[in-house]
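Residue numbers for the sequence shown follow the working numbering, beginning at 129 and rising by one. We treat Cβ as the ideally placed atom computed from N, Cα and C, and that holds for glycine. Bear in mind the structure is a predicted one, so any value in this text is a computation, not a measurement. These notes concern the structure reproduced below.
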Amino acid sequence: MKVRKAIVPAAGWGTRFLPVTKVIPKELLPVLNKPAIHYGIEELIASGIEHIIIVITRGKHLLEDYFSRSFELEHALREKSLYEALSYLSPVCDPDCICYVHQAEQLGLGHAILTAKHLIGEEPFVVLLPDDIVFSEVPLTKQLLDIYQEYHANVLAIEEVPEHRISDYGVIEPLQMTERLYRVLDLIEKPRSEYAPSRLGIVGRYVLLPEIFSALEETLPGKGGEIQLTDALKLLLPNQPILGYRFEGRRHDVGTPLGLLKASLSLALESVDTAEQLHQFIDLSMRQRQLRKGPINH
Ligand code: G1P
129 MKVRKAIVPA AGWGTRFLPV TKVIPKELLP VLNKPAIHYG IEELIASGIE
179 HIIIVITRGK HLLEDYFSRS FELEHALREK SLYEALSYLS PVCDPDCICY
229 VHQAEQLGLG HAILTAKHLI GEEPFVVLLP DDIVFSEVPL TKQLLDIYQE
279 YHANVLAIEE VPEHRISDYG VIEPLQMTER LYRVLDLIEK PRSEYAPSRL
329 GIVGRYVLLP EIFSALEETL PGKGGEIQLT DALKLLLPNQ PILGYRFEGR
379 RHDVGTPLGL LKASLSLALE SVDTAEQLHQ FIDLSMRQRQ LRKGPINH
């Protein structure tokens, strides 16, 4: 069955970005020249997804504004022949392909996904967490969908993460099947490193079978008192296979100010327009830092 739909949870408060997130959704903070969530939506479209459900909450209406067309601005730019500026306004997809559901209470990622249940129905679907931006030759969602088409199982994107960061992730107990593919034997949300069954952390992309919704309905609040998707997946395990795919690509966690900055720098260092100047700036900063620290004694 073709996977047509995706849920993009974007209802969090973005507390790590306060005070700016008092007024601007964190998903709209820019990574170089585009909002973080823009990259995720592009990835979904490039992977063949046709319907995207963004889960928002009070105060997140700017996301709706961002993905709707601004005919006035387009008209004004056309009148002034500002075609380059106009090109930045081309819609990421047909406006009808994105719709919004409101999560009334912030009860966790699992709860956010449950909020969109009525728009998914009995189909497999994708979940994309916009905090994870991945640059890859084959879009990450497409990589997972290819695995799904072969095995018809739930598929999670996984990545080896450093031991000191393991407690930021859902972690799987893996059984390796091929170079990149693992059968998930167990999973645990944000374990302390001594309890982590591996160093394979779940990254924000999932292909899920619709049975996840009944599992979510049975899931009790877990880590942080929230309804966790990882806990619902654990409930599914006795009845449905779950696979973990160690994807190809470079991931940026833009859910923290430093991660957002690193993602922007990484893109700027690759862009012909900015790379040279940025390298000069970094070289200069390094020299100044060295001067402050004094000469190196060998
Ligand atoms: C969520 C999931 C976690 C996953 C992570 C990936 O956590 O709960 O299992 O590893 O996304 O980014 P969050 O980062 O939203 O706290």
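### Query
Around the C-beta of Val148, are 16 or more other C-beta atoms found within 10 angstroms, so that it is buried, or is it exposed?
Classification for Val148: exposed.
### Task
For Arg320, count neighbouring C-beta atoms within 10 Å of its own C-beta (all shown protein chains included) and say buried if the count is 16 or more, exposed if not.
With fewer than 16 other Cβ atoms within 10 Å, it is exposed.
### CB of Tyr334 within 9 Å of CB of Val255, strictly
Contact flag set, yes.
### Closest Cα partner of Arg327 within the set Pro338, Asp296, Ala240, Glu346
Out of Pro338, Asp296, Ala240, Glu346, Asp296 has the C-alpha closest to the C-alpha of Arg327.
#### Entry: Leu257 CB to nearest heavy atom of the ligand G1P below 8 Å
Yes, the ligand G1P has a heavy atom inside 8 Å of this Cβ.
### Query
Which class does Glu317 belong to by DSSP, given the choice of helix, strand or coil?
Under the three-state reduction of DSSP output, Glu317 falls in the strand class.
### Task
Would you check whether the ligand G1P has a heavy atom nearer than 8 Å to the C-beta of Val331?
Under cutoff, so the answer is yes.
### Message
For Ile355 and Ser215, what's the separation of their Cα atoms in angstroms?
### Response
Rounded to whole angstroms, the separation of the alpha carbons of Ser215 and Ile355 is 41 Å.
### Query
Hey, quick one: how far does the alpha helix (DSSP H) through Lys362 stretch, first residue to last?
It spans 357-364 - the alpha helix (DSSP H) in which Lys362 sits, taken as one unbroken run.
### Query
Ala134 to Leu309, Cα distance in whole Å?
Straight-line measurement puts the Cα of Leu309 at about 22 Å from the Cα of Ala134.
### Query
For the 8 Å Cβ check, are there 3 or more pairs between the stretch 245-259 and the stretch 134-146?
Short answer: they touch.
### Message
Shorter than 8 Å, the distance from the beta carbon of Tyr297 to the closest heavy atom of the ligand G1P, or not?
### Response
Under cutoff, so the answer is yes.
#### Entry: Chain-order list of residues whose beta-carbon lies under 7 Å from that of Ala360 (same chain, five-residue window excluded)
Gly238, Ile340, Ala343, Leu344, Thr347, listed in sequence order.
### Query
Where do the ends of the alpha helix (DSSP H) carrying Pro147 lie?
If you look at Pro147, you'll find it isn't in any alpha helix (DSSP H); DSSP assigns it neither H nor E.
### Query
Mind checking Ile410: buried by the 16 CB within 10 Å criterion, or exposed?
Ile410 is classed as exposed because its beta carbon has fewer than 16 other beta carbons within 10 Å across all chains shown.
### Task
For my contact list, Val283 and Ile294 are in at a C-beta cut-off of 8 Å; report their separation, rounded to the angstrom.
Rounded to whole angstroms, the Cβ separation of Val283 and Ile294 is 21 Å, and the two are not in contact under 8 Å.
### Task
Please confirm whether any heavy atom of the ligand G1P lies closer than 8 Å to the CB of Lys318.
Under cutoff, so the answer is yes.
### Query
Where Leu201 and Gln368 are concerned, what is the direct C-alpha to C-alpha distance, given to the nearest angstrom?
One C-alpha to the other measures close to 49 Å.
#### Entry: Distance cut-off 8 Å: Gln356 Cβ against heavy atoms of the ligand G1P
Under cutoff, so the answer is yes.
### Test item: CB-CB of Ile173 and Val229 under 9 Å
Going by C-beta atoms, Ile173 is not nearer than 9 Å to Val229.
### Residue span of the beta strand (DSSP E) that contains Asp193, given as start and end
No beta strand (DSSP E) holds Asp193; the alpha helix (DSSP H) holding it covers 189-195.
### Query
Would Gly329 be called buried (16 or more neighbouring beta carbons within 10 Å of its own) or exposed?
Answer is buried; the Cβ neighbour count reaches 16.
#### Entry: Assigned exposure category for Arg378 - 16 Cβ within 10 Å defines buried
Answer is exposed; the Cβ neighbour count stays below 16.
### Task
Could you check what DSSP says for Pro223 in three-state terms: helix, strand or coil?
Helix.
### Query
Is the beta carbon of Leu336 sitting closer than 9 Å to the one on Ser175?
In this structure, Ser175 does not lie closer than 9 Å to Leu336 by Cβ.
### Query
Cβ of Asp77 versus every heavy atom of the ligand G1P: is any distance shorter than 8 Å?
As shown, the chain starts at 129 and ends at 426. That puts residue 77 outside it, with no answer to give.
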